[in-house]
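Each remark here refers to the structure printed beneath this line.
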Amino acid sequence: MAQGSGSSARLGVLLGILLYLLAAKPIFAAEYKVVFNYFKERHNVAVLTKEGYDSCTAPSGSIVYQTGHDEIRLDPGQSYFICTTPGHCENGMKIAINASDSN
Ligand SMILES: [Cu+2]
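Residue numbering for the sequence shown is -29 to -1, 1 to 74, as defined by mature numbering (1 follows the signal peptide of the UniProt record, and there is no 0).
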């Protein structure tokens, strides 16, 4: 029985750590947000992979923001954004952002 109690205690600790990690994850994500302000009649903000970013091509089905004031929460790691108006990305309207808590 004593052994059973020990396993139960260990399981409780593991669950505690798991819950802490699950709770901590949104806190990290909430700390990183990027805001795009622009003339919505001329521009937009497409979320892409590195391949799309490098080639200035937004695959069909890409998320495209177009309110003129977009607040986008960043996941940890690299995020890639371009404007899909013809010629704009090619002329530099693109940005790659690395969100990290390791400074
Ligand atoms: Cu543009």
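C-beta atoms are modelled at their ideal positions from N, C-alpha and C, and glycine is treated no differently.
Option nearest residue i by Cα separation, candidates the options
i          : options           : result
residue 9  : 54, 68, 63 and 72 : 54
residue 13 : 45, 70, 60 and 72 : 60
residue 22 : 11, 6, 42 and 51  : 51
residue 57 : 11, 7, 3 and 27   : 27
For residue i, three-class secondary structure by DSSP
i          : result
residue 65 : strand
residue 11 : coil
residue 3  : coil
Residue i, enclosing beta strand (DSSP E) - first and last residue
i          : result
residue 46 : First-last for residue 46: undefined, no H or E at that position.
residue 29 : Careful: residue 29 lies outside any beta strand (DSSP E) and carries neither H nor E.
Beta carbon of residue i nearer than 8 Å to that of residue j
i          : j          : result
residue 49 : residue 67 : yes
residue 17 : residue 46 : no
residue 19 : residue 31 : no
residue 35 : residue 62 : no
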